[in-house]
Amino acid sequence: MKHRRILPVLVILGAVVLALTVRSAAVEKPARNSITATNTFTAADYAQHVMKLKKKIPGDEFTVVIQRPFVVIGDESPAMVRRRAEGTVKWAVDRLKAAYFTKDPNEILDIWLFKDEASYRKHAKSIFNHEPDTPYGYFSHTEKALIMNIRSGGGTLVHEIVHPLVASNFPGCPAWFNEGLGSLYEQSRSRNGQIVGLTNWRLDGLQDAIRRRKVPSFRTLCSTTDHQFYRKDPGTNYAQARYLCYYLQEHNLLRKYYHAFHANHKRDPTGYNTLKKILGREDMATFKKDWYAYVMKLRFP
Ligand SMILES: [Zn+2]
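Residue numbers (the working numbering): 6 to 306.
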């Protein structure tokens, strides 16, 4: 994300299913350090930010909601903008912080929620002079903004919210894990109060690549540089990373892995050795076969 001005995000087929509780054996314990989240910016900082922001807002149809650590701006009805700020942004941020993150993003970021594709394209051009190459939404590093067509669902939004939190909490986190987490939560729900990713549209292509034996080893995935991950993607990078995270989640290992990787990342910058340790697997070729079998049994929807 940080190496690109605009990060295109991909199609999300389902809206995020919120606040539903399902019974499951695979509920992860909250991280030990989950209660220490800090706000870096004061109310005055937000007020000043909103004053500047208002100069960019093109019309009366926009509602601004301060939803720390973000500011949400939308041209749906005021009630709907507030509902998205509370029901999607706050919902996701609270649960992601409980699981992983103690620090807010390093800057106040704006989340623009345009009501449909026409509004999104029109305003991306008029406010930011962007011509998006995706109909769904993207993060603009220069504008410090998530710019979304919210008609396409809340999933892309949750995916994009993960990245600034990773950036402030886990500097040096490799793209494969950053995108694995982001894409895991693009289809998510609450399970016993905790955020969990569900199977999604990325499964089909991954199962197809597994059938064709086209999925790289985990050593290869973990060792990708950001450039290799984004630009030399054999077509499986996001899905492989997502369903590795999904596998870890369903085996109660994802939070453990995040915190172990974060703690060890100077010694193990790719996360591969930590992965072997958390999985308790020395033989990763055999693990890959087991993971293949696991993924092939998954279903979406
Ligand atoms: Zn992403």
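A virtual CB, placed ideally from N, CA and C, is assigned to each residue, including glycine.
Being a predicted model, the structure only gives us computed values, none of them experimental.
For the beta strand (DSSP E) containing residue i, list its first residue and its last residue.
i: L211; result: It is not in any beta strand (DSSP E) - L211 instead sits in the alpha helix (DSSP H) that spans 207-216.
i: Y143; result: 142-145
Per DSSP, residue i is paired with what?
i: W117; result: I78, I152
i: Q199; result: R196
i: Q72; result: F75
Starting from residue i, trace the alpha helix (DSSP H) in both directions and tell me its first and last residue.
i: F234; result: 231-236
i: Y263; result: 259-269
i: E255; result: 242-255
i: E287; result: Segment: none, E287 is in no alpha helix (DSSP H) and carries neither H nor E.
i: L189; result: 180-189
i: S131; result: 122-133
i: A90; result: Careful: A90 lies outside any alpha helix (DSSP H) and carries neither H nor E.
i: L303; result: Looking at the DSSP string, L303 is not in any alpha helix (DSSP H), and its letter there is neither H nor E.
i: I166; result: 160-174
i: T225; result: 223-228
i: K60; result: 48-61
Hey, would you say the C-beta of residue i is under 7 angstroms away from at least one heavy atom of ligand 1?
i: G313; result: Residue coverage of the chain in this structure runs from 6 to 306, which leaves residue 313 outside it and unanswerable.
i: E322; result: Only positions 6 to 306 of the chain appear in this structure, which leaves residue 322 out of reach.
i: H168; result: yes
i: H164; result: yes
As a quick exercise: from the options, pick the residue whose alpha carbon is nearest that of residue i.
i: T229; options: P274, K60, N257, Y297; result: P274
i: N269; options: Q254, C178, L208; result: C178
i: N278; options: R224, Y105, R89; result: R224
i: P306; options: N183, A172, S193; result: S193
i: R216; options: D109, L189, M301; result: M301
i: D309; options: A123, L226, G185; result: Outside the shown range of the chain, which is 6 to 306, sits residue 309, and nothing can be said about it.
i: K294; options: H232, P221, N242; result: P221
i: R156; options: K57, N197, A290, L118; result: L118
Check your understanding: How about the region 238-248 and the region 262-271: do they share at least three Cβ pairs that are nearer than 8 angstroms?
Key -> Taking 8 angstroms as the limit for Cβ pairs, the verdict is that the region 262-271 does not touch the region 238-248.
Practice item. Say whether the region 160-180 touches the region 135-142, bearing in mind that this needs 3 or more beta-carbon pairs closer than 8 angstroms, one atom from each stretch. Key: Using a C-beta cut-off of 8 angstroms, the region 160-180 makes contact with the region 135-142, since at least three inter-stretch Cβ pairs fall below that distance.
Check your understanding: Using 8 angstroms as the Cβ pair cut-off and three pairs as the minimum, do the region 125-135 and the region 236-243 touch?
Key -> Contact between the region 125-135 and the region 236-243 is absent, because fewer than three Cβ pairs lie under 8 angstroms.
Point to revise | the region 198-215 touching the region 274-288, judged by at least three CB pairs closer than 8 angstroms | key: By the criterion of at least three beta-carbon pairs nearer than 8 angstroms, the region 198-215 is not in contact with the region 274-288.
**Study point:** the region 48-58 / the region 103-122 touching (three or more Cβ pairs under 8 angstroms)
**Key:** Yes: the two stretches touch, three or more of their Cβ pairs being nearer than 8 angstroms.
**Study point:** the region 60-73 in contact with the region 81-88 per 3-pair CB rule at 8 angstroms
**Key:** In this structure the region 60-73 lies against the region 81-88, because at least three pairs of beta carbons, one per stretch, are closer than 8 angstroms.
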